[in-house]
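Report on the following structure.
In our numbering, the protein residues as written are 19 to 413.
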């Protein structure tokens with residue numbers, strides 16, 4: 019009898035311990051990271067021999083669904099209406115609801131317009147990048163040939179220079195496209211402002227139901243989101259237009275200098291105007307030359323025209339560039355010095371020839387990008403020189 023009682027106690031304890039183990043699997047998480055419920059279902063399946071139920075859980079219909087109501091949630095960024103799209107409107111049939119429908123149609127049109135303008139900005143940026151790459155590639159080809167040495171007025175380089183100028187004209191067209199696009203985006207901004215004002219006025223009208231006000235609030239929120247996109251578009255466009263306009267202006271000046279280099283078969287550098295601008299960004303180390311009388315000043319460059327076609331352009335460009343680096347606002351005096359030798363008729367011929375030489379030097383400085391307003395021209399005669407000269411002074 020005692021042994022039977024002992025067996026019953028042991029059997030009861032085993033049953034209780036098994037139940038505690040099952041309960042702990044449900045209440046406490048598994049150390050392996052598996053779902054406790056899944057572990058329990060697996061154990062149950064292995065015990066009964068039936069497959070574990072799937073993960074899909076059937077939820078009975080709610081009272082609202084049984085009554086015919088809708089339980090769909092509003093669209094989100096990951097919902098059926100993708101980012102930047104406007105959810106459709108449900109008509110309410112009220113007079114206020116009709117105004118809401120009109121505002122919603124304007125909102126959809128505004129959203130589409132902004133999306134088109136964003137796409138247009140990406141397209142014009144890609145076009146500008148391609149035009150700039152072609153331009154720099156052509157200029158690099160011309161510069162490389164000049165650096166290695168070539169003949170004056172090489173027809174191949176002349177053709178490449180014309181191509182570079184055409185590429186630069188394309189960049190100017192891109193700027194015009196950006197300006198047109200900026201005006202269109204500004205029109206979007208005006209439409210968004212009107213839409214916000216109209217939505218707020220409609221909120222104050224009588225005869226609306228709660229759904230009308232909810233939809234009006236949604237229109238306001240969507241319009242505010244579009245306004246952020248419009249502001250970003252305008253900021254990007256204004257920055258691009260300003261940057262590209264300055265870039266094209268500098269490159270036109272550099273292209274003029276490059277044309278002179280092709281003409282003479284010598285490589286110079288960037289336009290003197292651009293070099294002066296770059297130098298103005300840094301504080302000058304000191305004044306270049308004081309405004310002393312001409313006789314007491316040292317000439318920056320002395321060009322002796324003792325033979326035809328004197329190749330002075332390279333030395334002139336280098337000297338003037340260094341002067342502008344030291345004093346970005348420097349101006350230059352070009353003095354035609356005629357040799358006072360021979361008969362009066364010969365002296366007159368020397369003076370005329372010397373003046374023509376000075377005019378040629380001034381034209382060279384202009385072609386290099388130096389503004390004409392920074393150059394003054396004068397003439398004199400000297401018995402100390404044996405050939406006509408042109409002297410350039412910085413002040």
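Think of the CB as a built atom: it goes at the ideal place given N, C-alpha and C, for glycine as much as any other residue.
Counting only runs of 3+ residues fully inside the stretch 125 to 201, write out the beta strand (DSSP E) ranges in chain order. Segments of the beta strand (DSSP E) lying fully in the stretch 125 to 201: there are none.
Taking the alpha-carbon of residue 260 as reference, which of 110, 367, 321, 194 has the nearest alpha-carbon? The shortest CA-to-CA distance from residue 260 to any of 110, 367, 321, 194 is the one to 194.
Beta strand (DSSP E) segment containing residue 317, residue limits: For residue 317, no beta strand (DSSP E) run applies, since DSSP gives it neither H nor E.
Just the C-alpha distance for residue 294 and residue 348, rounded to the nearest angstrom, thanks. Unreliable placement is indicated for residue 294, whose pLDDT of 46 sits below 50; the coordinate value is still reported in the next sentence. Approximately 9 Å, taken between the alpha carbons.
Select from 129, 385, 400 the residue whose C-alpha is nearest the C-alpha of residue 393. Of the candidates 129, 385, 400, the residue whose Cα lies closest to the Cα of residue 393 is 385.
What does residue 351 pair with, by DSSP beta-bridge criteria? DSSP output for residue 351 lists 394, 411 as bridge partner(s).
For residue 318 versus residue 341, is the C-beta spacing smaller than 9 Å? Against a cut-off of 9 Å, the Cβ pair of residue 341 and residue 318 comes out as a contact.
The stretch 109 to 124 in contact with the stretch 232 to 242 per 3-pair CB rule at 8 Å: With the cut-off at 8 Å, the stretch 109 to 124 and the stretch 232 to 242 touch.
Integer Cβ distance of residue 112 from residue 226, believed to fall under 8 Å: With 8 Å as the limit, residue 112 and residue 226 qualify as a contact, their Cβ atoms being about 6 Å apart.
Using the Cα positions of residue 149 and residue 189, report the straight-line distance between them to the nearest angstrom. Their backbone Cα atoms lie some 6 Å apart in a straight line.
CA-to-CA distance, residue 252 to residue 201, given in whole angstroms: Computed Cα separation, rounded: 9 Å.
Let's see if you can read the secondary structure: which residues bound the alpha helix (DSSP H) around residue 371? Start and end: 362 to 385.
So, with DSSP's three-state summary, where would you put residue 339? The three-state reading of DSSP puts residue 339 in helix, counting H, G and I together.
Leaving aside the five residues before and after residue 254 along the sequence, list all residues of the same chain whose C-beta is less than 8 Å from its C-beta, in chain order. Cβ neighbours of residue 254 beyond the five flanking positions: 139.
Give the C-beta separation of residue 405 and residue 357 to the nearest angstrom, bearing in mind that I take them to be a contact with Cβ-Cβ under 8 Å. Between residue 357 and residue 405 the Cβ distance is about 6 Å, and since that is below 8 Å, they are a contact.
Using the rule of at least 16 other Cβ atoms within 10 Å of the residue's Cβ for burial, across every protein chain shown, is residue 186 buried or exposed? By the Cβ neighbour-count rule, residue 186 is buried, with 16 or more other Cβ atoms within 10 Å of its own.
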